[in-house]
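In what follows, a structure is listed as structure tokens, so that the remarks can point back to it.
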Amino acid sequence: MKALTWHGKSDIRCESVPDPKIEDSRDAIIKVTACAICGSDLHIFDGVIPSMQHGDIVGHETMGEVVEVGAGNGKLKVGDRVVVPFTIACGECFFCERGYYSGCERSNPNREKAAKLWGNSPAGLFGYSHLLGGFSGGQAEYMRVPYADVGPIKVPDGLTDEQVLFLSDIFPTGYMAAEFCDIKPGDTIAVWGCGPVGQMAIRSAFLLGAERVIAVDTVPERKALAEAGGALVLDFRTEDIYDRIMELTHGRGADACIDAVGTEPDTMSGVDALVDRVKVATFMGTDRPHVLRQAIHCCRNFGTVSVVGVYGGFLDKIPMGSAINRGLTFRMAQTPVQHYLPLLLERIERGDIDPSFVITHRAGLEDGPELYKTFRDKKDGCIKVVLKP
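Numbered according to full-length UniProt numbering, the sequence shown spans residues 1 to 389.
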């Protein structure tokens, strides 16, 4: 089959690889009908994510048609149309039973390696390094889905692939980011990053009752899309973000702040961002937490900082004194997608939201390597890429 594979920094290739096979009785094989390039895939493309190996199949936003089912899987049948969560979960362990599917204790076969870095292991993820299981991703013609009696959700025929594809990651992630904010009537929510997850967070905040959403970005197309969703947009290259948020909230700060950027902010977003870039380039740091620092300072006393941007290691100079003395609450997670699927599918069916609004580019797998570059470099108005094998 054809698949997009990783071969080093800035080197994604479309090449022929072996077809996947059933390896466990709970597995399923799906024929991929749509997949997407995620912003977190760009961390892999940029060489930021450790323990990738040459030839790894990338991608974790995937849906398709079931073409083979393991003997022990009683949930799915051949012909079912499903969306596959990026988190792999057994459905039976301590965390899965409590709905924390992204903390699954069984799905990461390399859990000991992850525990050495993070203290314990999260769930395995599709297409996201051997630290998180080394599972083949979904930017391919076919994909093996472990624990397929727990993860995939069947979707009704009345909805298009593009309407439901983002149930795999960015819609639940953006919704979770807003849910973490514990939004009350009248609240102002600030969102850093107007990429796909940030866009979902903006619209989710309004769905959950926010009165106002302030969005921070500098890319014209992203700013325009955020404004179309009702956000007041600030450009960090032309405005002092802290001063403007304080002005807009009468000196109080935002009720909650969402970091939808993570470890690779724009280097020109602040002096500290430039220093972070130098430290990472000289192996004196692992992450670049400019946005998290700013979100902490811009949050009101006893407010919430919601973190859904990806960080991988150890963060320097986080203003914990500010957070502790002003009573801030931190909420963060890899999204337990399975927990959110029924609710968010229902919202799509009701017409509350059509997540396909973020799509700007559609192509086949063979165009994937070039579109990774286009997406990373924010060229051609690119906000979200959908590939149709």
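C-beta atoms are modelled at their ideal positions from N, C-alpha and C, and glycine is treated no differently.
(message) Measuring straight from C-alpha to C-alpha, what distance separates Val-78 and Val-164?
(response) Here the question's residue 78 lines up with position 78 in the sequence shown. Here the question's residue 164 lines up with position 164 in the sequence shown. Each residue's alpha carbon lies about 20 angstroms from the other.
(request) State the start and end residues of the unbroken alpha helix (DSSP H) segment that holds Leu-248. (result) Looking up residue 248 in the sequence shown gives position 248. Per DSSP, the continuous alpha helix (DSSP H) segment holding Leu-248 begins and ends at 241 to 248.
(request) Compare the Cα-Cα distances from Gly-381 to each of Val-307, Ile-359 and Phe-171 and report the closest residue. (result) Numbered from 1 along the sequence shown, position 381 holds the residue referred to as residue 381. Closest option to Gly-381, Cα to Cα, is Ile-359.
(message) If you reduce the DSSP assignment to three classes, tell me which class Thr-33 lands in.
(response) As a first step, residue 33 must be located in the sequence shown, where it is residue number 33. Here Thr-33 sits in strand by DSSP.
(request) Would you list the one or two residues that DSSP bridges to Val-213? (result) The residue labelled residue 213 in the question sits at position 213 within the sequence shown. Answer is Ile-189.
(request) In the DSSP assignment, find the unbroken alpha helix (DSSP H) run with Val-83 in it and report its ends. (result) The residue you call residue 83 lines up with position 83 of the sequence shown. Not the alpha helix (DSSP H): Val-83 falls in the beta strand (DSSP E), residues 81 to 84.
(request) Taking 9 angstroms as the cut-off, decide whether the C-beta atoms of Val-197 and Gly-351 are in contact. (result) If you number the sequence shown from 1, residue 197 lands on position 197. If you number the sequence shown from 1, residue 351 lands on position 351. In terms of Cβ geometry, Val-197 and Gly-351 do not form a close pair [threshold 9 angstroms].
(message) For the stretch 250 to 261 against the stretch 184 to 194, do three or more pairs of beta-carbon atoms, one drawn from each stretch, fall closer than 8 angstroms, so that the two count as touching?
(response) The stretch 250 to 261, when compared against the stretch 184 to 194, does touch it at the 8 angstroms Cβ threshold.
(message) So Ala-226 and Ala-215 are supposed to be a Cβ contact under 8 angstroms. How far apart are they, rounded?
(response) Counted from its first residue, the sequence shown places residue 226 at position 226. Counted from its first residue, the sequence shown places residue 215 at position 215. In this structure Ala-226 is in contact with Ala-215, their Cβ atoms being roughly 4 angstroms apart against a cut-off of 8 angstroms.
(message) Between which residues of its own chain and Gln-53 is the CB-CB distance below 7 angstroms, once the five residues before and five after are set aside?
(response) The residue labelled residue 53 in the question sits at position 53 within the sequence shown. Only His-130 meet the Cβ criterion.
(message) Quick check: the Cα distance between Phe-126 and Lys-184, rounded to an integer number of angstroms?
(response) On the sequence shown, position 126 is the one that residue 126 refers to. On the sequence shown, position 184 is the one that residue 184 refers to. Distance between the alpha carbons of Phe-126 and Lys-184: 35 angstroms.
(message) Taking 8 angstroms as the cut-off, does the stretch 106 to 116 touch the stretch 19 to 33 (at least 3 CB pairs, one atom from each stretch)?
(response) Output reads no: the stretch 106 to 116 does not touch the stretch 19 to 33.
(request) Give a yes or no on contact between the stretch 168 to 175 and the stretch 92 to 105, applying the rule of three or more CB pairs nearer than 8 angstroms. (result) With a cut-off of 8 angstroms on Cβ pairs, the stretch 168 to 175 is not in contact with the stretch 92 to 105, counting fewer than three such pairs.
(request) Using only alpha-carbon positions, find the residue among Thr-160, Val-67 and Ile-49 that is nearest to Met-143. (result) Within the sequence shown, numbered from 1, the residue matching residue 143 stands at position 143. For the set Thr-160, Val-67 and Ile-49, the Cα lying nearest the Cα of Met-143 is the one of Val-67.
(message) So for Lys-113, helix, strand or coil by DSSP?
(response) Here residue 113 refers to the residue found at position 113 when the sequence shown is read from its first residue. In this structure, Lys-113 counts as helix in the three-state DSSP scheme.
(message) Starting from Ala-123, trace the beta strand (DSSP E) in both directions and tell me its first and last residue.
(response) For this step, residue 123 is matched to residue 123 along the sequence shown. No beta strand (DSSP E) contains Ala-123, which DSSP labels as neither H nor E.
(request) Report the residue from Lys-75, Trp-118, Gly-151 and Ile-241 whose alpha carbon sits nearest the alpha carbon of Tyr-340. (result) Counted from its first residue, the sequence shown places residue 340 at position 340. Residue Gly-151 is the option with its Cα nearest to Tyr-340.
(message) Using 8 angstroms for Cβ pairs, my map puts Val-155 next to Arg-81. What's the rounded Cβ distance?
(response) On the sequence shown, position 155 is the one that residue 155 refers to. On the sequence shown, position 81 is the one that residue 81 refers to. Taking a contact as a CB-CB distance under 8 angstroms, the pair Val-155 and Arg-81 counts as one, their CB atoms being some 5 angstroms apart.
(request) Locate the beta strand (DSSP E) running through Arg-98, then write down its first and last residues. (result) Here the question's residue 98 lines up with position 98 in the sequence shown. Per DSSP, Arg-98 belongs to no beta strand (DSSP E) and is neither H nor E.
(message) What does the alpha-carbon distance come out to for the pair Ala-273 and Lys-279?
(response) As a position in the sequence shown, residue 273 is number 273, starting the count at 1. As a position in the sequence shown, residue 279 is number 279, starting the count at 1. Distance between the alpha carbons of Ala-273 and Lys-279: 10 angstroms.
(request) Out of Val-219, Gln-199, Thr-335 and Ala-231, point me to the one whose CA is closest to Val-213's CA. (result) Taking the first residue of the sequence shown as position 1, residue 213 is located at position 213. Checking every option, the nearest Cα to that of Val-213 belongs to Ala-231.
(request) Specify the secondary structure class of Lys-21 as computed by DSSP and reduced to three states. (result) Within the sequence shown, the letter at position 21 stands for residue 21. In the structure shown, Lys-21 sits in coil (DSSP, three-state: anything other than H, G, I, E or B).
(message) Within a Cβ cutoff of 7 angstroms, which residues of the same chain sit near Gly-72, ignoring the five residues on either side of it in sequence?
(response) Translated into the one-based positions of the sequence shown, residue 72 becomes position 72. Ser-25 and Arg-26, listed in sequence order.
(message) On the DSSP letters alone, give me the boundaries of the beta strand (DSSP E) that Asp-235 sits inside.
(response) Stepping through the sequence shown from its first residue, residue 235 is reached at position 235. Secondary structure note for Asp-235: its beta strand (DSSP E) is the uninterrupted segment 232 to 235.
(message) Mapping the DSSP letters down to three states, classify Lys-2 as helix, strand or coil.
(response) Within the sequence shown, residue 2 is the residue found at index 2, counting from 1. It is a strand residue.
(request) Note the first and the last residue of the continuous beta strand (DSSP E) segment covering Thr-374. (result) Here residue 374 refers to the residue found at position 374 when the sequence shown is read from its first residue. No beta strand (DSSP E) contains Thr-374, which is instead part of the alpha helix (DSSP H) from 368 to 376.
(message) Quick check on the burial criterion: 16 or more other C-beta atoms within 10 angstroms. Buried or exposed for Ser-16?
(response) For the purposes of this step, residue 16 is taken as the residue at position 16 of the sequence shown. Exposed, since its Cβ has fewer than 16 Cβ neighbours within 10 Å.
(message) Could you tell me which whole beta strand (DSSP E) segments of length 3 or greater appear in the stretch 289 to 322?
(response) Runs of the beta strand (DSSP E) inside the stretch 289 to 322: 299 to 307.
(message) Rounded to whole angstroms, what is the Cα-Cα separation between Glu-162 and Met-63?
(response) Taking the first residue of the sequence shown as position 1, residue 162 is located at position 162. Taking the first residue of the sequence shown as position 1, residue 63 is located at position 63. A direct Cα-to-Cα measurement between Glu-162 and Met-63 gives close to 10 angstroms.
(request) Answer yes or no: does any C-beta atom of chain C fall closer than 9 angstroms to that of Asp-157? (result) The chain inventory of the structure shown lacks chain C, comprising one protein chain alone.
(request) Name, in chain order, the residues that DSSP records as bridge partners for Arg-326. (result) For the purposes of this step, residue 326 is taken as residue 326 along the sequence shown, with counting starting at 1. Answer is none; Arg-326 lacks a bridge partner.
(request) Provide the residue span of the alpha helix (DSSP H) that contains Arg-222, from first to last. (result) Translated into the one-based positions of the sequence shown, residue 222 becomes position 222. Element bounds for Arg-222: 220 to 228.
(message) In whole angstroms, give me the CA-to-CA distance for Cys-14 and Glu-141.
(response) Here residue 14 corresponds to residue number 14 of the sequence shown, with the count starting at 1. Here residue 141 corresponds to residue number 141 of the sequence shown, with the count starting at 1. Note on geometry: alpha-carbon atoms of Cys-14 and Glu-141 lie some 11 angstroms from one another.
(message) Under DSSP, the alpha helix (DSSP H) around Ile-44 begins and ends at which residues?
(response) Translated into positions along the sequence shown, residue 44 becomes position 44. Unbroken alpha helix (DSSP H) run through Ile-44: 39 to 45.
(message) Starting from Glu-68, trace the beta strand (DSSP E) in both directions and tell me its first and last residue.
(response) Taking the sequence shown and counting its residues from 1, the one referred to as residue 68 is at position 68. Counted as a single uninterrupted DSSP element, the beta strand (DSSP E) harbouring Glu-68 occupies residues 61 to 69.
(request) Report the three-state DSSP secondary structure of Ser-204 (helix, strand or coil). (result) Reading the sequence shown from its first residue, position 204 is the one you call residue 204. The answer is helix: DSSP assigns Ser-204 an H, G or I state.
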